[in-house]
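To keep things clear, I will list the structure first and then write my remarks on it.
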Amino acid sequence: MFVMALIKINSYLQHCFSSPQLLRKPWFWNFFSLTNGISKDGDVFRDVKRILEQRAQTKMLQFRQIYGRAHLRLSSLYVQTLKKKKNKKLELNSETFRTALIGYRELERGPRQVPTAKHWCLNFIGTKLLRVEFFSDSGVVIFLFENSRESRRVFWYHWNDSRGDFTKRWKVFSLKPIINLSGKEIGSWLYLWRQYHGQYHPLQNNCQHFVRDIISAIDEKVANQLISLMDHHSVTALLPPLFYSDYWDEKMRTREIRNFLLSKGPVVLRLWKQKDAEQDHKSNGPSTARSQLGAEPIAPSKPEPMTLPLPLERNNSSVQHKSNSDYVYSLLFQKKDLEKTAITLL
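Quick look at the structure:
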């Protein structure tokens with residue numbers, strides 16, 4: 001009878017195995033026994049329950065370990081590939097991605113808060129799975145997953161802080177096919193964006209602005225389409241004059257940040273490449289390089305100075321900045337300080 005009940009409730013089992021947290025709920029097993037006329041005192045029922053609960057506990061621990069290992073700090077974007085015996089430490093710099101997705105999830109809000117607020121993230125799919133998010137407390141956070149079955153479950157289902165069961169799926173706004181976008185290039189965009197818009201603001205620089213700005217470097221048309229989906233833009237739709245001014249303001253910001261990322265991204269990559277050469281020279285030493293190449297090692301060239309424009313000024317900003325033209329003009333006549341600024345960016 002118990003076996004026949006298992007066959008009839010195939011959907012229950014699918015739900016169970018897709019939600020390990022559910023298997024550990026006492027009410028579920030009470031409902032399971034009542035709806036199928038199975039006694040909870042039977043030996044078979046207790047054995048099956050114990051086995052499934054143990055598997056659910058193991059699966060949850062595995063999900064949490066995958067989630068913890070995938071976490072990367074933004075400062076670790078620029079790290080040389082380290083080799084330990086036959087194993088290689090995989091970093092974002094060595095990966096290549098072919099698809100970009102814009103995902104979102106509903107925020108858990110109280111009864112007096114806005115129920116339609118959404119948290120956005122930027123996903124990249126390739127040989128690895130990459131998710132990038134921007135938070136108010138921790139800034140830019142990066143998750144790099146292996147492209148395995150368990151990792152895909154953690155990648156596509158977000159972590160719920162109240163339960164941590166990975167049962168709520170990320171929803172997708174847009175999918176953009178890309179061709180061999182390197183992880184180092186994505187890292188340069190994130191690095192530059194943090195220099196340009198690193199300070200979090202709930203209305204003017206939140207997770208939605210972050211995703212829109214980064215995706216503008218890939219496709220400006222998709223980035224402009226995202227403006228109408230942003231939460232604060234939906235609020236301004238109640239007032240038509242404010243709606244149009246906000247739309248054009250966001251569109252101009254999208255164009256500015258796109259030009260900034262695409263123009264300064266190659267400069268950052270060259271600086272990182274030169275720093276790679278310097279570290280290789282220090283680690284190998286002159287004797288090793290001479291024995292391998294038969295000549296003295298070539299000294300790395302002097303890094304090119306790079307100037308960063310000031311953050312975009314907002315109407316309610318409490319800090320008064322100089323104009324971008326005055327800022328760049330003053331830097332041009334301070335060559336030594338400019339070179340020091342470029343070196344500190346490394």
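Here the sequence shown stands for residues 1 to 346, where the numbers follow UniProt numbering. Virtual Cβ for every residue (Gly too), placed ideally from N, Cα, C. Please read these numbers as outputs of a predicted model, since none were measured by experiment.
- In the assembly as shown, H119 is a buried residue. Its beta-carbon has 16 or more other beta-carbons within 10 Å.
- By a beta-carbon distance limit of 8 Å, F166 contacts F63. Their separation comes to about 5 Å.
- Membership of I125 in the beta strand (DSSP E) is indicated by the continuous run K118 to G126.
- Burial of I102 is indicated by the presence of at least 16 other C-beta atoms within 10 angstroms of its C-beta.
- Remark: C-beta atoms of E150 and I66 approach each other more closely than 8 Å.
- Taking the C-beta atoms as reference points, E95 is found nearer than 8 Å to G183.
- Here M230 is buried: its Cβ has 16 or more other Cβ atoms, across all protein chains shown, within 10 Å.
- Secondary structure note for G198: it is in no beta strand (DSSP E), with a DSSP letter that is neither H nor E.
- Listed as beta-bridge partners of I142 by DSSP are L72 and V132.
- Going by beta carbons, G126 and F97 fall inside the 8 Å limit.
- A direct Cα-to-Cα measurement between N205 and R253 gives close to 11 Å.
- In the three-state scheme derived from DSSP, where H, G and I count as helix and E and B as strand, F97 is classed as strand.
- Rounded to whole angstroms, R131 and H71 show a C-alpha spacing of 10 Å.
- CA-to-CA, the gap between Q54 and K128 works out to about 30 Å.
- In the displayed model, I227 falls within a helix according to three-state DSSP.
- Annotated as distal: A100 and K171, with beta-carbon spacing of 8 Å or more.
- For F155, the uninterrupted alpha helix (DSSP H) run begins and ends at R149 to W156, by DSSP.
- Beta-bridge partners assigned by DSSP to Y191: none are found.
- In the assembly as shown, I186 is a buried residue. Its beta-carbon has 16 or more other beta-carbons within 10 Å.
- Leaving aside the five residues that flank N180 on each side, the residues in its chain whose CB is nearer than 6 Å to its CB run, in chain order, T96.
- Nearest to W248 by C-alpha distance, out of A223, V268, L271 and W189, is A223.
- DSSP lists W120 and K171 as the bridge partner or partners of Y104.
- Pairing W189 with L92 gives a Cβ-Cβ distance that is not under 8 Å.
- The beta carbons of K168 and R105 sit closer together than 8 Å.
- Our two residues, L192 and P241, have alpha carbons roughly 33 Å apart in a direct line.
- Under DSSP, L203 shares a beta bridge with no residue.
- Residue burial annotation: N123 is buried, with at least 16 other C-beta atoms found within 10 angstroms of its C-beta.
- Taking all protein chains shown into account, K282 has fewer than 16 neighbouring C-beta atoms within 10 Å of its C-beta and is therefore exposed.
- If you draw a straight line from the Cα of H233 to the Cα of G265, it comes to about 29 Å.
- Here DSSP, grouped into helix, strand and coil, assigns L181 to strand.
- Of the candidates K251, C121, R152 and D246, C121 places its Cα closest to the Cα of V140.
- Contact between I227 and E250 holds, with the beta-carbon distance rounding to 5 Å and staying under 8 Å.
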